[in-house]
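J.: Please find one structure pasted underneath; my questions will follow.
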Amino acid sequence: MMKGLPEGFLWGGATAANQCEGGYMEGGKGPGTVDMIPWGENRLAVMQGHMDYRELPEDSYFPAREAIDMYHRWKEDIALMAEMGFKCCRFSFAWSRIFPTGEEEAPNEEGLKFYENIIDEMLRLHIEPVVTICHFDVPLHLEQKYGSWRSRRLIDAYLRYCRAIFERFKGKVRYWMTFNEINMLMHLPFMGAGISFKKGENELEVKYQAAHNELVASALATRLAHEIDPESKVGCMLAAGQFYPYSCDPEDVWEAMKKDRVNYFFIDVQSKGEYPAYAKKQMEREQITIQMEPEDEAILRENTVDYIAFSYYSSRMISAHPHPEIETSGNAFKTLRNPWLKASQWGWQIDPLGLRITMNSLYDRYQKPLFIVENGLGAVDTIQKDGTISDDYRIEYLSAHIREMIKAVEEDGVDLIGYTPWGWIDLVSASTGEMKKRYGFVYVDKDNAGNGTLERRKKKSFDWYQQVIATNGECL
Ligand code: BG6
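Quick look at the structure:
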């Protein structure tokens, strides 16, 4: 039996442009939808597409605009990842840094150069760049002119962007992901895909139309990547986490299966190349009509993804019957509180075995290599008097998950490319806009309201993770 993880396993860490870069409007960048999402009480309504960002109070604070200023500090940050021994780094490009409005004929050279410098520095330090093409951001102009992904026009704009980056980074970037957490569109449509709603419209229909446009764009991008660089690998990316039934009542079990399908729907299409039967039936039942072009079926069928990337923070639980007393949520998903699990300070339930269960479900379903591109614990960190940060809770969370991940590979035979814990450096929280919800091995001096020196400081988990990588997961 194979022991441990394969040689060349991609250990690393993950971030997203809108949560760490800042550099709002610098270097020719145009505004993105994510730059309009405020911190505070209006955040959720904007993310859900139920409040227009143009109606926000003037003194609103938009955390993505400075974030942790990686735009100016990328070199020092890459040095930190190299010190931890990263084999890869997952990060995203800001679409509007490369196409400021999304409709230019040619890309913004300054934006491309910015990412080229980063990629070259990573390669120099033997860190494999893993790039998310779209992590929740859409050029604001495309949202204002076309209503974002509800319009098919976005497909062309996205492909122009893809062509520019595939051509520029050919031979340098091997791993691409088309859309981060594509299923987030169902839960936080403005955050996930720049979608906001008009009064009285059929929201579900709008979401499925946007989903279809993204799915066609993803398939065409996969084809383009393979044409431009046959060595490149393109993945889908799912916000994963198995739904457990509340009880063994078959009604609960059925409910859990249906809930899982809401999420699987996207990657079923991206991975198997066609709309699953259950989705077609559901659309029929709910009288959802979406615009498809005659060529779409063939595009989806012929351009499936090479690997399945996913984030995992928590499992979920559901019942067919109401249980308001135990309702909670995690990563934008409504769930019930599972009595067998503890939860984070933000109420996200902690379930390391759930990672192994999720990995097995995904591998059984798709039989394609998996890539865990997010996992981690958001927690409050305190700097001790001597300047150290003892984040043992984070070490405990991550080591328990890595143990289960290794079992999935070693004992269950799951093919796994790599593991990039989320927010290897503290960054802006997607769900809450806070800085206080920290994930990193590296602390960043900044608070929720935007105050702080932005100084970087290693936590205890920094040395721990360095050891984990050095021993290929043996020393946890
Ligand atoms: C995922 C996203 O949903 O979870 C990230 O891809 C996000 O962008 C991460 O930051 C953790 O969620 P949060 O809300 O704690 O930042």
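Last residue of the sequence shown? That's 481 in this note's numbering, and every number before it is there in order.
Glycine included, every Cβ here is placed at the ideal spot set by N, Cα and C.
#1: Name the residue from ARG168, VAL239, ARG157, ARG370 whose alpha carbon lies nearest to the alpha carbon of GLN247.
#2: Residues in its own chain within less than 7 Å of GLN472 by CB, not counting five upstream and five downstream?
#3: Tell me where the alpha helix (DSSP H) around TYR163 begins and ends.
#4: If MET182 and ALA99 are in contact, beta carbons under 8 Å, what's the gap, nearest whole angstrom?
#5: Got a sec, what are the start and stop residues for the alpha helix (DSSP H) LEU305 sits in?
#6: When you measure from the CB of ALA21 to every non-hydrogen atom of the ligand BG6, does any distance come out below 7 Å?
#7: So that I know if they touch, is there some Cβ in chain B lying closer than 8 Å to that of ILE42?
#8: So which of ALA348, PHE338, GLU46, GLY240 has the shortest CA-CA distance to VAL378?
#9: Would the beta-carbon of GLN24 be found less than 7 Å away from any heavy atom of the ligand BG6?
#10: Out of CYS253, GLY278, MET288, LEU130, which one is the CA nearest neighbour of LYS80?
#11: Examine the ligand BG6 and report whether any of its heavy atoms sits within less than 7 Å of the Cβ of ASN185.
#12: From this set, ILE233, ALA325, MET30, PRO134, which residue's C-alpha is nearest GLU121's C-alpha?
#13: Does the Cβ of LEU145 have 16 or more other Cβ atoms within 10 Å, making it buried, or fewer, making it exposed?
#14: If ALA413 and ARG361 are in contact, beta carbons under 8 Å, what's the gap, nearest whole angstrom?
#15: Quick check: does the Cβ of GLU114 come within less than 7 Å of any heavy atom belonging to the ligand BG6?
#16: Could you pull out every residue in the same chain whose Cβ sits closer than 6 Å to the Cβ of GLU210, ignoring the five residues on either side in sequence?
#17: Beta-carbon within less than 7 Å of SER466's beta-carbon, same chain only, minus the 5 sequence neighbours each way: which residues are those?
#18: Please confirm whether any heavy atom of the ligand BG6 lies closer than 7 Å to the CB of SER319.
#19: Buried or exposed: where does ASN336 fall if 16 or more other Cβ atoms within 10 Å of its Cβ makes it buried?
#20: The ligand BG6 heavy atoms versus the CB of GLU379: any closer than 7 Å?
#21: Does the beta-carbon of ALA245, which I'm using as the reference point, lie nearer than 7 Å to any heavy atom of the ligand BG6?
#22: Is DSSP giving GLN354 helix, strand or coil here?
#23: The ligand BG6 and ALA435: does the residue's C-beta get closer than 7 Å to at least one heavy atom of that ligand?
#24: Among GLY107, LYS150, LEU128, which one has its Cα closest to the Cα of ASP142?
#25: Beta-carbon within less than 7 Å of CYS94's beta-carbon, same chain only, minus the 5 sequence neighbours each way: which residues are those?
#26: Helix or strand or just coil, what does DSSP make of SER316?
#27: Could you check what DSSP says for ARG443 in three-state terms: helix, strand or coil?
#28: Select from LYS92, GLU409, ASP57, ASN268 the residue whose C-alpha is nearest the C-alpha of TYR470.
#29: Examine the ligand BG6 and report whether any of its heavy atoms sits within less than 7 Å of the Cβ of TRP181.
#30: With a CB to CB cut of under 6 Å and the five nearest residues on each side skipped, what residues in its chain are close to ARG321?
#31: With C-beta atoms as the reference, is PHE271 less than 8 Å away from LEU243?
#32: Take the Cβ of PRO327 as the centre, count every other Cβ of all protein chains shown within 10 Å, and call the residue buried at 16 or more, exposed below.
#33: Taking buried to mean at least 16 other C-beta atoms within 10 Å of its own C-beta, is HIS217 buried or exposed?
#34: Should PRO36 be labelled buried (16 or more other beta-carbon atoms within 10 Å of its own) or exposed?
#35: Taking ASN23 as the reference, give the member of ARG443, GLY438, ALA454, LYS373 with the closest Cα.
#36: Mapping DSSP to helix, strand and coil, what is LEU341?
T.: So, from the listed chains and residues:
#1: Counted from its first residue, the sequence shown places residue 247 at position 242. It is ARG370.
#2: Stepping through the sequence shown from its first residue, residue 472 is reached at position 467. Correct list, in chain order: CYS480.
#3: Counting from 1 along the sequence shown, the entry for residue 163 is found at position 158. Where TYR163 is concerned, the enclosing alpha helix (DSSP H) stretches over 158–173.
#4: Against the sequence shown, residue 182 aligns to sequence position 177. Against the sequence shown, residue 99 aligns to sequence position 94. Between ALA99 and MET182 the Cβ distance is about 15 Å, and since that is not below 8 Å, they are no contact.
#5: As a first step, residue 305 is located in the sequence shown; it is residue number 300 there, counting from the start. That run of the alpha helix (DSSP H) goes 301–307.
#6: The residue given as residue 21 occupies position 16 in the sequence shown. Checking the Cβ of ALA21 against the ligand BG6 gives yes.
#7: Note that chain B does not occur in the displayed structure, where there is just one protein chain.
#8: Here residue 378 corresponds to residue number 373 of the sequence shown, with the count starting at 1. Proximity to VAL378 across ALA348, PHE338, GLU46, GLY240 peaks at GLY240, based on C-alpha coordinates.
#9: Along the sequence shown, one-based indexing puts residue 24 at 19. True, at least one ligand heavy atom lies under 7 Å from that Cβ.
#10: Mapped onto the sequence shown, residue 80 falls at position 75. It is LEU130 whose Cα lies nearest to the Cα of LYS80.
#11: On the sequence shown, position 180 is the one that residue 185 refers to. Because some heavy atom of the ligand BG6 lies under 7 Å away, the Cβ of ASN185 counts as near it: yes.
#12: By 1-based counting over the sequence shown, the position of residue 121 is 116. Checking every option, the nearest Cα to that of GLU121 belongs to PRO134.
#13: Here the question's residue 145 lines up with position 140 in the sequence shown. The Cβ neighbour count for LEU145, taken over all protein chains shown within 10 Å, is at least 16; the residue is labelled buried.
#14: Sequence index remark: in the sequence shown, residue 413 carries index 408 (1-based). Sequence index remark: in the sequence shown, residue 361 carries index 356 (1-based). At roughly 5 Å, the Cβ-Cβ gap stays under 8 Å, so ALA413 and ARG361 are in contact.
#15: Working through the sequence shown from its first residue, we reach residue 114 at position 109. Taking the Cβ of GLU114 as the reference point, every heavy atom of the ligand BG6 lies at 7 Å or farther away.
#16: By one-based count along the sequence shown, residue 210 stands at place 205. Once the five neighbours on either side are set aside, the close Cβ partners of GLU210 are ILE293.
#17: For this step, residue 466 is matched to residue 461 along the sequence shown. Counting only Cβ-Cβ distances below 7 Å, and skipping sequence neighbours, we find ASP396, ARG399, ILE400, PHE446.
#18: Residue mapping note: residue 319 aligns to position 314 of the sequence shown, counting from 1. No, since every heavy atom of the ligand BG6 falls outside the 7 Å radius drawn around the Cβ of SER319.
#19: One-based indexing of the sequence shown puts residue 336 at position 331. ASN336 should be labelled buried.
#20: Counted from its first residue, the sequence shown places residue 379 at position 374. Yes - the ligand BG6 has a heavy atom lying nearer than 7 Å to the Cβ of GLU379.
#21: By one-based count along the sequence shown, residue 245 stands at place 240. No - the ligand BG6 has no heavy atom lying nearer than 7 Å to the Cβ of ALA245.
#22: To locate residue 354, count along the sequence shown from 1; it is residue 349. GLN354: strand per DSSP, three-state reduction.
#23: Within the sequence shown, the letter at position 430 stands for residue 435. Answer for ALA435: yes, Cβ within range of the ligand BG6.
#24: One-based indexing of the sequence shown puts residue 142 at position 137. Of GLY107, LYS150, LEU128, the residue nearest in Cα terms is GLY107.
#25: Position 89 of the sequence shown holds residue 94. Same-chain partners within the cutoff: GLY17, GLY18, MET86, MET127, ILE132, PRO134, VAL135.
#26: Position 311 of the sequence shown holds residue 316. The answer is strand: DSSP assigns SER316 an E or B state.
#27: In the sequence shown, the residue the question calls residue 443 occupies position 438. ARG443: strand per DSSP, three-state reduction.
#28: For the purposes of this step, residue 470 is taken as the residue at position 465 of the sequence shown. Here the closest residue by C-alpha is LYS92.
#29: Here residue 181 refers to the residue found at position 176 when the sequence shown is read from its first residue. It does not: the Cβ of TRP181 is nowhere closer than 7 Å to a heavy atom of the ligand BG6.
#30: On the sequence shown, residue 321 is found 316 positions in, with the first residue counted as 1. Answer for ARG321: GLY246, PHE248, PHE338, THR340, listed in chain order.
#31: Position 266 of the sequence shown, counted from the first residue, corresponds to residue 271. Position 238 of the sequence shown, counted from the first residue, corresponds to residue 243. Taking 8 Å as the Cβ cut-off, PHE271 and LEU243 qualify as a contacting pair.
#32: The count along the sequence shown starts at 1 and reaches residue 327 at position 322. PRO327 is exposed by the Cβ-count criterion.
#33: The residue you call residue 217 lines up with position 212 of the sequence shown. So HIS217 ends up on the buried side.
#34: Against the sequence shown, residue 36 aligns to sequence position 31. Buried is the call here.
#35: Residue numbering aside, residue 23 sits at position 18 when the sequence shown is read from its first letter. The residue with the shortest Cα to Cα distance from ASN23 is GLY438.
#36: By one-based count along the sequence shown, residue 341 stands at place 336. The answer is strand: DSSP assigns LEU341 an E or B state.
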